[in-house]
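There are 2 protein chains.
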Amino acid sequence: MRQLAIGVDIGGTKIVAGVVNREANIIARYRTGAHSGTLPDHVIACVEGAYKELLGGSGIRPEDLVGVGLGFAGHVNGRAGIVITSSNLPGWDNVPLRDIVQEHLGVPVVLEHDTKCNALAEHMYGAGRGVDNMCYVTLSTGYGLAIIIDGKLYSGHIGTAGEIGHTVIDVNGPLCSCGKRGCLMAYTSGVGLARMAFEKIASGADTILREMYGGDPVRLTGRLIAEAAQNGDAVAREVITTAGYYAGIGLCNIVHLLMPELIVIGGGLTRIGPMFMEPCIQGLKENVHPVLFESVRILPWQLGDDSGVLGAAVKAFVTFDEQAGSK
Amino acid sequence: MRQLAIGVDIGGTKIVAGVVNREANIIARYRTGAHSGTLPDHVIACVEGAYKELLGGSGIRPEDLVGVGLGFAGHVNGRAGIVITSSNLPGWDNVPLRDIVQEHLGVPVVLEHDTKCNALAEHMYGAGRGVDNMCYVTLSTGYGLAIIIDGKLYSGHIGTAGEIGHTVIDVNGPLCSCGKRGCLMAYTSGVGLARMAFEKIASGADTILREMYGGDPVRLTGRLIAEAAQNGDAVAREVITTAGYYAGIGLCNIVHLLMPELIVIGGGLTRIGPMFMEPCIQGLKENVHPVLFESVRILPWQLGDDSGVLGAAVKAFVTFDEQAGSK
């Protein structure tokens with residue numbers, strides 16, 4: 645049995661790749677910087693570069709590898725290996741990413757939504773060990789969800805299940821990056837934080853954010869808003885507690901629909917800490933029946949940033965082991 | 645193998661029971677009228693009456709029966725046999741209905757949410773035959789959802805999965821009967837239709853509904869509003885098309901989260917016809933990515949009103965056959 649997989653975490657602002665063994669150790673890493681706004685070709689080149697550098701730099705041979713797992717932030721048809729679309733990365737419509745990368749590398753490649761990769765990692769190695777029915781929620785640039793039922797990832801008919809970021813929570817609400825109104829991620833993701841902060845600034849609110857972001861929308865990130873809030877800025881603080889509460893509304897909808905035993909919450913926004921997480925739990929508590937609130941456990945992720953790479957590698961192990969077993 | 649089960653459909657306004665064979669024929673029926681507002685004891689007495697009458701009137705012996713299935717409209721912990729709460733039936737909080745009825749009748753009883761019973765029936769005998777991953781949506785007094793994954797009912801950790809009626813779709817919206825704001829069913833169920841119609845009447849709108857309902861809130865039902873709309877009342881028509889569109893927003897959230905192969909839509913509101921169903925499909929189409937819209941099939945229920953009784957009986961067959969098999 646081949647002992648290694650390469651997991652590649654293709655995020656909205658960076659790509660991280662790692663060689664992973666079956667004990668969930670990352671034995672080599674590679675990272676490229678922001679590629680936001682670039683074309684698929686550039687991302688494919690990054691994946692290829694990571695693959696070659698990882699093989700060259702660590703004495704690993706292609707015959708040690710079970711394959712490559714790609715975790716991607718966007719609508720993904722994992723079964724067909726196709727990126728349907730991504731609201732964060734322009735130019736990604738109906739791209740057969742799996743086959744393109746596979747042809748370049750000459751090894752088996754599997755594609756999956758990045759949040760589903762995180763979920764697989766937390767289920768096998770992190771906060772969700774031993775739990776059969778769980779959800780994993782990522783609160784970062786977007787608001788992602790992965791569903792594990794009877795110990796297996798549930799991906800739905802065309803592999804897109806879990807697109808909670810574009811569920812509607814405010815039908816008369818603000819425009820989302822997808823062009824629809826009132827999507828959850830328009831409130832509670834990095835995108836949502838920036839939108840709310842921008843509205844406050846534009847309406848003349850008294851806030852240090854105006855100076856901090858300097859008129860450049862790219863700089864108005866969750867991290868910047870958190871920094872302002874930690875420096876005592878009341879407007880930034882209000883944006884974060886509002887976003888936290890809406891994140892809890894998202895949890896409420898998950899509990900009502902799926903009633904998992906456990907929800908693991910990860911992603912960059914969780915690093916803001918209690919200022920974000922307390923209103924999030926409050927948003928859940930105030931919007932579900934007490935019996936439901938008491939019956940679901942909420943835990944933070946254990947693997948942190950590594951869960952993307954680990955999960956993409958786990959996806960490769962699971963997929964190609966199964967294929968080998970069924971031959 | 646015992647060849648019969650009794651299925652009992654306990655709705656917001658009536659109870660229907662039937663003796664069902666393994667070919668899905670209802671060979672005897674019993675129906676009681678409205679019990680809205682009565683206490684659990686009354687409902688239990690109805691179930692008991694149905695059981696005795698069905699046995700007495702049709703020559704069926706208790707030893708022919710595998711057991712009794714109860715389908716109930718409200719929050720249900722099917723695994724524990726407990727009614728957690730019901731927004732339509734006051735006085736139903738933490739009632740161990742399964743055990744109470746089982747003790748009265750002296751035969752095995754199983755309790756399940758009524759929508760889940762409908763889904764089982766449509767999956768085994770109706771529009772969902774042969775489909776492994778499907779959802780069943782009921783649009784009636786409430787807005788219910790049941791999820792079938794890999795051919796089995798998914799009920800979640802405490803058996804409450806599918807409570808879509810109380811998912812939030814308008815965080816700043818109107819009060820729902822559950823006491824929260826902006827629940828889906830505050831817009832698009834029988835309850836939602838009545839709420840919207842009442843607001844129009846109260847604000848002085850020109851509508852025949854005012855005279856038709858005569859100031860009695862109990863008479864302001866989906867059926868009455870549909871009747872007014874069919875008679876050309878513009879206000880009633882607007883209420884129905886709005887409710888239909890919101891029903892489509894609910895479908896949009898289901899597609900995003902679960903991406904089933906098929907959604908079967910049933911329940912009394914579907915009888916209104918195109919005036920309700922066309923904006924419903926429009927609400928779905930306008931709020932999901934075209935690839936998702938093209939990938940999901942939407943079909944009407946096939947079993948109609950019988951699906952409640954059939955499904956409760958199917959639940960009894962499945963549950964008690966499994967228990968017999970594992971002994």
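Same order as they appear, the protein sequences are chains A and B.
Residues in the first sequence are numbered consecutively from 645, following this note's numbering.
Residues in the second sequence are numbered consecutively from 645, following this note's numbering.
Here a beta-carbon is modelled for each residue, glycine too, at the ideal position from N, C-alpha and C.
On a predicted model such as this, the values are computed, not experimentally measured, just so you know.
{"Asked": "Residue environment, E843(A), which counts as buried when at least 16 other CB atoms sit within 10 Å", "Found": "exposed"}
{"Asked": "Cβ separation of G955(A) and L764(A), assumed to be a contact under 8 Å, to the nearest whole Å", "Found": "5 Å"}
{"Asked": "Expected contact under 8 Å - CB spacing of V781(B) and I909(B) to nearest Å", "Found": "5 Å"}
{"Asked": "Beta carbon of A661(A) nearer than 8 Å to that of L943(A)", "Found": "no"}
{"Asked": "Sequence-distant residues of its chain with Cβ nearer than 8 Å to L868(A) (five each side left out)", "Found": "L853, M856, Y857"}
{"Asked": "Contained alpha helix (DSSP H) runs [length at least 4] in the stretch 889-934 of chain A, N- to C-terminal order", "Found": "918-931"}
{"Asked": "Close Cβ partners of E779(B) (< 8 Å) along its chain, the five nearest in sequence each way excluded", "Found": "Correcting the residue identity first, residue 779(B) is Cys in this sequence and not Glu. Taken in chain order, the residues that qualify are A763, L789, A790, I791, I792, I898, L902, P904, L906, I907, V908."}
{"Asked": "Residues of its chain near R673(B), where Cβ-Cβ distance is below 6 Å and the 5 sequence neighbours each way are ignored", "Found": "G662"}
{"Asked": "Beta-carbon proximity list for V775(B), same chain, < 6 Å, skipping 5 on both sides", "Found": "E905, L906"}
{"Asked": "Check whether C924(A) and L895(A) have beta carbons under 8 Å apart", "Found": "yes"}
{"Asked": "Residues near G711(B) by beta carbon distance below 7 Å, same chain, minus five either side", "Found": "A649, V751, P752, V753, V754, A960, F964"}
{"Asked": "Short-range partners of chain A found in the stretch 895-916 of chain B, where Cβ spacing is below 9 Å", "Found": "C896, N897, I898, V899, H900, L901, L902, M903, P904, E905, L906"}
{"Asked": "Classification of Q967(A) by the beta-carbon crowding that lies within 10 angstroms, buried from 16 upward", "Found": "exposed"}
{"Asked": "Whole runs of the beta strand (DSSP E) within the stretch 791-876 of chain B, excluding any shorter than 3 residues", "Found": "796-798"}
{"Asked": "CA-to-CA distance, V812(A) to S730(A), given in whole angstroms", "Found": "18 Å"}
{"Asked": "DSSP bridge partner residues for V781(B) (one or two, in chain order)", "Found": "L789(B), I909(B)"}
{"Asked": "Identified DSSP bridge partners for D653(A)", "Found": "V660(A), G715(A)"}
{"Asked": "Chain B within 8 Å of Y798(A), Cβ atoms only", "Found": "yes"}
{"Asked": "Any chain B beta carbon closer than 8 Å to I650(A)", "Found": "no"}
{"Asked": "I704(B) (DSSP reduced to helix, strand or coil)", "Found": "coil"}
{"Asked": "Partners in chain B for S939(A), counting only beta-carbon separations shorter than 7 Å", "Found": "H801, I802"}
{"Asked": "Three CB pairs or more closer than 8 Å across the stretch 834-850 of chain A and the stretch 829-844 of chain B", "Found": "no"}
{"Asked": "T811(B) at chain A interface by Cβ criterion, 8 Å", "Found": "yes"}
{"Asked": "Continuous alpha helix (DSSP H) stretch holding L741(B): start and end", "Found": "741-749"}
{"Asked": "Neighbourhood of K929(A) by C-beta distance below 7 Å, restricted to the same chain and skipping five residues each side", "Found": "F937"}
{"Asked": "C-beta neighbour in chain B for D814(A), strict 8 Å", "Found": "yes"}
{"Asked": "Residues of its chain near G888(B), where Cβ-Cβ distance is below 6 Å and the 5 sequence neighbours each way are ignored", "Found": "F920, P923, C924"}
{"Asked": "Cβ separation of P818(A) and G809(A), assumed to be a contact under 8 Å, to the nearest whole Å", "Found": "The pair is not a contact, with the Cβ atoms about 14 Å apart (cut-off 8 Å)."}
{"Asked": "Test: H767(A) CB closer than 8 Å to a CB of chain B", "Found": "no"}
{"Asked": "Under 7 Å from the C-beta of I884(B): neighbouring residues of chain A", "Found": "Ordered by position in chain A, no residue passes the 7 Å Cβ test against I884(B), which lies about 17 Å from the chain."}
{"Asked": "CB contact check: H757(B) to chain A, cutoff 8 Å", "Found": "no"}
{"Asked": "Contacting residues, own chain, Cβ-Cβ under 8 Å from R941(A) (five flanking each side not counted)", "Found": "E905, L906, I907"}
{"Asked": "Under 7 Å (Cβ pairs) to chain A, residues found in the stretch 724-750 of chain B", "Found": "I728, T729"}
{"Asked": "Integer Cβ distance of D594(B) from G715(B), believed to fall under 8 Å", "Found": "Here chain B has residues from 645 to 971 only, and residue 594(B) is not among them."}
{"Asked": "Beta carbon proximity, I893(B) to chain A, threshold 8 Å", "Found": "yes"}
{"Asked": "Status (buried if at least 16 other CB within 10 Å, exposed otherwise) for V862(A)", "Found": "exposed"}
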